[in-house]
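Enquirer: Protein chains in written order, with the numbering used here: chain A, 1 to 223; chain B, 224 to 446. Glycine residues also receive a C-beta, built at the ideal position from the N, C-alpha and C atoms.
1) Using CA coordinates, which residue listed in A/76, A/148, A/200, A/180 is at the minimum distance from residue 23 of chain A?
2) Ordered along the chain, which non-local residues of its own chain (more than five positions away) have a Cβ less than 6 Å from that of residue 98 of chain A?
3) Going by the beta-carbon positions, is the gap between residue 290 of chain B and residue 67 of chain A smaller than 8 Å?
4) Going by the CB atoms, is the gap between residue 140 of chain A and residue 64 of chain A shorter than 8 Å?
5) Let me know the alpha helix (DSSP H) ranges lying completely inside the stretch 279 to 356 of chain B, each 4 residues or longer, listed in chain order.
6) Name the two residues that bound the continuous alpha helix (DSSP H) containing residue 439 of chain B.
7) Please confirm whether residue 298 of chain B has its beta-carbon closer than 8 Å to some beta-carbon of chain A.
8) Taking the C-alpha atoms as reference points, what is the distance between residue 153 of chain A and residue 205 of chain A?
9) Measure the alpha-carbon distance for residue 281 of chain B versus residue 274 of chain B and round it to whole angstroms.
10) Which residues in chain C have a C-beta closer than 7 Å to the C-beta of residue 396 of chain B? List them in chain order.
11) For the alpha helix (DSSP H) containing residue 410 of chain B, list its first residue and its last residue.
12) Helix or strand or just coil, what does DSSP make of residue 362 of chain B?
13) For residue 194 of chain A versus residue 131 of chain A, is the C-beta spacing smaller than 8 Å?
14) Alpha carbon to alpha carbon, how far is residue 136 of chain A from residue 20 of chain A?
15) How many angstroms separate the CA atom of residue 310 of chain B from the CA atom of residue 279 of chain B?
16) Is residue 331 of chain B near residue 426 of chain B, with beta carbons less than 8 Å apart?
17) Residue 407 of chain B touches chain A at which residues, Cβ-Cβ below 7 Å?
18) Does any residue of chain A have a CB that is nearer than 8 Å to the CB of residue 411 of chain B?
19) Terminal residues of the continuous alpha helix (DSSP H) containing residue 395 of chain B?
20) So with CB distances below 9 Å, who are the chain B contacts of residue 67 of chain A?
21) In chain B, which residues lie with their C-beta within 9 Å of the C-beta of residue 64 of chain A?
22) Ordered along the chain, which non-local residues of its own chain (more than five positions away) have a Cβ less than 7 Å from that of residue 70 of chain A?
23) Along the stretch 92 to 108 of chain A, what residues have a CB closer than 7 Å to any CB found in chain B?
24) State the Cα-Cα distance for the pair residue 379 of chain B and residue 356 of chain B, rounded to the nearest angstrom.
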């Protein structure tokens with residue numbers, strides 16, 4: 001019974017890593033669809049995101065099943081409750097990737113991203129892939145130090161987000177209102193995607209240390 | 224012991240209703256701050272939202288405490304797990320209200336909302352207050368029929384959101400790129416606020432019926 005229990009907990013943890021790797025595929029594919037105005041890739045991305053939603057259902061059921069059958073306490077309860085939160089974050093990241101793909105689809109055969117901001121958007125896509133890759137690794141290693149470093153990767157995304165807004169709202173913007181509106185939303189999707197990856201890190205810190213992540217991070221910085 | 228348990232479950236349910244009522248205050252106040260370019264009200268809204276975040280912490284701790292001490296099963300486990308999800312939705316609604324207030328603050332003493340779209344934004348604010356009021360009532364009554372009606376209220380918000388985009392992206396738009404970008408984000412915040420209210424309804428359907436809300440809603444429509 002206990003062996004089954006620990007096998008179930010381990011399987012749940014593995015499923016979370018799998019979800020995060022699918023999120024990585026989704027956001028990389030969404031960015032390609034966006035930058036290349038590739039309708040087929042946009043639709044493929046949306047399919048991947050739908051699969052991630054199915055994974056979410058499966059993980060939630062597994063977590064609730066563990067609560068019902070095993071009535072975990074202490075660190076094992078923390079694992080299951082954290083898994084429930086992580087599943088929401090990882091599913092939301094997929095939805096945000098599908099929103100990015102949807103912008104590409106909506107503007108096809110046109111390009112949603114004008115040449116003037118193509119390099120910034122490409123870097124936002126790279127930053128999204130980098131941070132979700134780190135989140136996947138943190139889910140696997142459960143290293144709170146690595147989890148803390150997700151914050152710095154998020155700073156990169158925030159800086160790109162600011163740069164995008166400065167360009168779109170700047171005096172030299174000549175690409176019109178529709179592109180500006182698309183980019184405002186795209187910027188938000190990428191930024192939120194990274195925010196959820198940061199949340200994955202924070203929840204991992206809580207999972208491992210049992211401490212409030214903000215408090216833990218502050219104490220660590222003051223060392 | 225069991226009496227205490229049921230009192231704790233009831234208190235958690237009451238706290239969720241309280242959170243939703245604070246969300247209503249927050250989004251009403253955020254909309255006023257936005258439409259009147261009122262800095263003081265914008266800052267007051269942001270304070271209310273910070274209080275809601277504290278309520279979230281308290282509710283999460285209460286829910287996890289119930290899992291640890293009482294190891295609930297069946298419908299009581301469903302109550303606690305649903306509460307964990309509801310807390311996330313209700314906290315997110317507060318964050319979205321604070322984003323709306325932040326747009327007002329950022330543009331102060333200017334107006335973020337040009338006169339041309341003021342009526343639409345005012346109606347989006349009204350729709351947000353209406354749907355969160357219904358969500359609060361559903362959290363209190365746990366009536367799945369009322370919960371299902373949140374979907375129709377969300378249709379109102381979606382229609383307003385489309386109307387806003389059509390205006391901003393239309394040929395007669397003369398209010399510039401900055402206002403267009405602000406409105407794209409504001410539209411998204413109101414729309415997401417309503418989406419989370421719908422989620423409150425769906426989770427209540429699951430809580431009461433134990434069924435998948437989508438399946439339950441479809442079966443109900445086919446009656």
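Expert: Reading from the atomic positions:
1) As a first step, residue 23 of chain A is located in the first chain; it is residue number 23 there, counting from the start. With distances taken between Cα atoms, residue 23 of chain A lies closest to A/200.
2) Taking the first chain and counting its residues from 1, one reaches residue 98 of chain A at position 98. Contacts found: 46, 49.
3) Counted from its first residue, the second chain places residue 290 of chain B at position 67. Counted from its first residue, the first chain places residue 67 of chain A at position 67. Yes. Within cutoff.
4) Numbered from its first residue, the first chain carries residue 64 of chain A at position 64. Numbered from its first residue, the first chain carries residue 140 of chain A at position 140. No, the Cβ-Cβ distance between residue 64 of chain A and residue 140 of chain A is not below 8 Å.
5) With a minimum length of 4 residues, the continuous alpha helix (DSSP H) runs that stay inside the stretch 279 to 356 of chain B are 297 to 330.
6) Indexing the second chain from 1 puts residue 439 of chain B at position 216. Segment 436 to 444, the alpha helix (DSSP H) holding residue 439 of chain B.
7) One-based indexing of the second chain puts residue 298 of chain B at position 75. So, not an interface residue.
8) Indexing the first chain from 1 puts residue 153 of chain A at position 153. Indexing the first chain from 1 puts residue 205 of chain A at position 205. Distance between the alpha carbons of residue 153 of chain A and residue 205 of chain A is about 16 Å.
9) As a working mapping, residue 281 of chain B is identified with position 58 in the second chain. As a working mapping, residue 274 of chain B is identified with position 51 in the second chain. Distance between the alpha carbons of residue 281 of chain B and residue 274 of chain B is about 11 Å.
10) Absent from the structure: chain C. Protein chains present are A and B.
11) What you label residue 410 of chain B is simply residue 187 of the second chain in a count that begins at 1. It spans 399 to 432 - the alpha helix (DSSP H) in which residue 410 of chain B sits, taken as one unbroken run.
12) Translated into the one-based positions of the second chain, residue 362 of chain B becomes position 139. Residue 362 of chain B: helix per DSSP, three-state reduction.
13) Residue numbering aside, residue 194 of chain A sits at position 194 when the first chain is read from its first letter. Residue numbering aside, residue 131 of chain A sits at position 131 when the first chain is read from its first letter. Closer than 8 Å, so yes.
14) As a position in the first chain, residue 136 of chain A is number 136, starting the count at 1. As a position in the first chain, residue 20 of chain A is number 20, starting the count at 1. Distance from the CA of residue 136 of chain A to the CA of residue 20 of chain A, rounded to the nearest whole angstrom, comes to 5 Å.
15) In the second chain, the residue the question calls residue 310 of chain B occupies position 87. In the second chain, the residue the question calls residue 279 of chain B occupies position 56. One C-alpha to the other measures close to 6 Å.
16) Locating residue 331 of chain B in the second chain gives position 108, where the first residue counts as 1. Locating residue 426 of chain B in the second chain gives position 203, where the first residue counts as 1. No, they are not a contact pair.
17) Here residue 407 of chain B refers to the residue found at position 184 when the second chain is read from its first residue. What residue 407 of chain B touches in chain A: 181, 184, 185.
18) Numbered from its first residue, the second chain carries residue 411 of chain B at position 188. Yes, because at least one Cβ of chain A sits closer than 8 Å to the Cβ of residue 411 of chain B.
19) Within the second chain, the letter at position 172 stands for residue 395 of chain B. Neither: residue 395 of chain B is in no alpha helix (DSSP H) and is coded neither H nor E.
20) The residue you call residue 67 of chain A lines up with position 67 of the first chain. What residue 67 of chain A touches in chain B: 290, 294, 295, 296, 300, 303, 304.
21) Counting from one through the first chain, the residue named residue 64 of chain A turns up at place 64. Within chain B, the residues near residue 64 of chain A are 300, 301, 304.
22) As a first step, residue 70 of chain A must be located in the first chain, where it is residue number 70. Taken in chain order, the residues that qualify are 5.
23) none
24) In the second chain, the residue the question calls residue 379 of chain B occupies position 156. In the second chain, the residue the question calls residue 356 of chain B occupies position 133. Approximately 15 Å, taken between the alpha carbons.
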